[in-house]
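J.: First, the structure itself, so that you have it in front of you.
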Amino acid sequence: MTGPQSMTFLLEKFALVTTVLGMSAYWAAFGWLVYSAPLTWGELDLNKNGEVTFGEASYAASFGKRTIQVDDKQCTEYFAYKDGLPLKVVCPASA
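The sequence shown begins at -13 in the numbering used here and counts up by one.
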């Protein structure tokens, strides 16, 4: 193959490789955000619509921890760095 046909083939091949790499990067980033978030899959669905979006995973993965008092117990509150709103509160089990 020479000339315009080979150029078309190369552009198609480049487009395919770029698309596959882009999709792989997207899913790798999404997987890392889900893995690094302190929430379960069900808790990651912040708007309770049955789907976890990239935005929800990103929001939950950027979190901090602080100690709070709940009913005379020391609990850990996970909160979003973006706005300081609580994501989850974990308290020790009663003995």
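For each residue, glycine too, the CB sits at the ideal point set by N, CA and C.
Under a Cβ-count criterion, where at least 16 other Cβ atoms within 10 Å of its own Cβ denotes burial, should VAL38 be classed as buried or exposed?
T.: Buried, because 16 or more other Cβ atoms sit within 10 Å of the Cβ of VAL38.
J.: Using the Cα positions of TYR21 and TRP13, report the straight-line distance between them to the nearest angstrom.
T.: In a straight line, the C-alpha of TYR21 is about 12 Å away from that of TRP13.
J.: Within 10 angstroms of its Cβ, does LEU2 collect 16 or more other Cβ (buried), or is it exposed?
T.: That one is exposed.
J.: Taking 9 Å as the CB-CB limit, is TRP27 close to chain B?
T.: Reference to chain B is not applicable here, since this structure consists of a single protein chain.
J.: What number of angstroms, rounded off, separates the C-alpha of ASP69 from the C-alpha of LYS51?
T.: Taking the straight line from one Cα to the other gives about 13 Å.
J.: Taking only runs that begin and end inside the region 37 to 78, name each unbroken alpha helix (DSSP H) of 4 or more residues, in chain order.
T.: Within the region 37 to 78, the complete alpha helix (DSSP H) runs of at least 4 residues are 40 to 47.
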